[in-house]
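Asks: Going by this note's numbering, the sequence shown opens with residue 1, and the numbers climb by one from there. Below is the structure I would like to discuss, written out as C-alpha cells.
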Amino acid sequence: MPRPVLLIFTDLDGTLLDHETYSHEAAAPALEALRGAGVPVILASSKTAAEIAPLRADLGLAAHPAIVENGAGILEPGAEAPRTGSRYRALRTALNQVPAPLRQRFRGFGDGGAHWIADATGLAPEAAALAAQRLYSEPGIWSGSEAEKTEFLAALRAQGVSGREGGRFLTLSFGASKAGQMAEIAARYSTPYMVALGDAPNDREMLEQADQGFIIANPHRAPMPPLDGEETGRIQRIAAAGPKGWNQAVLQVIADFGI
1 MPRPVLLIFT DLDGTLLDHE TYSHEAAAPA LEALRGAGVP VILASSKTAA
51 EIAPLRADLG LAAHPAIVEN GAGILEPGAE APRTGSRYRA LRTALNQVPA
101 PLRQRFRGFG DGGAHWIADA TGLAPEAAAL AAQRLYSEPG IWSGSEAEKT
151 EFLAALRAQG VSGREGGRFL TLSFGASKAG QMAEIAARYS TPYMVALGDA
201 PNDREMLEQA DQGFIIANPH RAPMPPLDGE ETGRIQRIAA AGPKGWNQAV
251 LQVIADFGI
C-alpha cells in the first residue's frame, strides 16, 4: 500500500463513538479532514467483524483494514464479515472446561444471546445480533470476587486463553492484541507515523506503541493509570469525552502535520 503521511488507529466505544448513544457525529470535522487528506483511519475495537463492516462503510473507511474483537482478528479492506469461526468454537470449549463454580461467575455473549447482549450494552436488537456473531473472542460480565476472577483467568491461561478488561466487559481470547495487529497493519503501509486513540485498559498497549497516543476521557469508568510516554508528552490525556475529545485530539494532529 502507498505510504501515507500518518496512520490513525482508533478505539470505538467511548472514543470515536459516544459511550451512551454510539454516535460519531461530534467527530465529523476531523474525520472529513482525514478522508480529504487520504489519511487511513484504522478502526480497532472489541466489536465483531459483523458490527464493524457496516460501520466502516458508513464512515467511508472500507478501503482500510480494521482490527476486530480486541485485536483477536483483522477484517480486510472491503471484506464482509464471515458467518462462523473455528477459533470461537475452540474458545467456548475451553471456557466450558473451567471448574463449574468459577464458570458460573462469567456470563459471556454466547451464554446470554442477542436479547441479553442488547440489555447489557444498550444496543438495538439488530445491532446486538451482530455483536453476537463472534469469530475470535468472548466478552462477558464477571460477577464474582477479584480472588475468584484471578483463579478463573488462571484456569483459562492453562488452556492458552487470556482475559482483558475493557470499558464494559472482560474479554477472553487466544492472546492476540490490538498492539500486535497494529504493527502488522502499519507494516503494510511501510510503517508511517502512527497515532492511536483509546479510553480503556485494553487500549494501553496500542497507545504505548504509537508514536503519539491520546487517552480520551471516559466519565463512565475510572481513569486509566499513568502510561509509559505521558511524562514526555508522547501520550496525552484529552479532557473532553468520546467523539468530542477524539475530534479535538485529531484536529491537533492535523494542525501539527499541516494537513
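Think of the CB as a built atom: it goes at the ideal place given N, C-alpha and C, for glycine as much as any other residue.
1) DSSP three-state call for Arg-103: helix, strand or coil?
2) Any chance you could list the beta strand (DSSP E) runs of at least 3 consecutive residues sitting entirely within the segment 5 to 40, in chain order?
3) Quick check on Thr-171: buried or exposed, where buried means 16 or more other Cβ atoms within 10 Å of its Cβ?
4) In the DSSP output, which residue or residues are listed as bridge partners for Thr-171?
5) So for Ala-66, helix, strand or coil by DSSP?
6) Use the C-beta contact count for Thr-15: other C-beta atoms within 10 angstroms, 16 or more gives buried, fewer gives exposed.
7) At a cut of 8 Å, does the segment 225 to 236 reach the segment 203 to 215 through at least three beta carbon pairs?
8) For Gly-85, does the three-state DSSP call read helix, strand or coil?
9) Over what stretch of residues does the beta strand (DSSP E) that includes Val-98 continue unbroken?
10) In its own chain, which residues sit with a C-beta less than 6 Å from the C-beta of Ala-30, not counting the 5 before and 5 after it?
11) Taking the continuous alpha helix (DSSP H) assigned at Gln-181, which residues delimit it?
12) For Gly-84, does the count of other Cβ atoms within 10 angstroms reach 16, so buried, or fall short, so exposed?
13) According to DSSP, simplified to helix, strand and coil, what is Gln-252?
14) Around the C-beta of Val-5, are 16 or more other C-beta atoms found within 10 angstroms, so that it is buried, or is it exposed?
15) With which residues is Met-194 paired in a DSSP beta bridge?
16) Would a C-beta distance cut-off of 8 Å place Ala-49 and Leu-75 closer than the cut-off?
17) Given that a residue counts as buried once 16 or more other Cβ atoms are within 10 Å of its Cβ, and exposed if not, what is Met-206?
18) Is there contact here, the segment 45 to 62 with the segment 150 to 159, by at least three beta-carbon pairs under 8 Å?
Replies: The answer reads as follows:
1) helix
2) 6 to 10
3) buried
4) Pro-139 and Arg-164
5) strand
6) buried
7) yes
8) coil
9) Here Val-98 belongs to no beta strand (DSSP E), and DSSP marks it neither H nor E.
10) Asn-247, Val-250 and Leu-251
11) 178 to 188
12) For the record, residue 84 in the displayed sequence is Thr; it is not Gly. By the neighbour-count rule (16 or more Cβ atoms within 10 Å), Thr-84 is not buried but exposed.
13) helix
14) exposed
15) Leu-7
16) yes
17) buried
18) no
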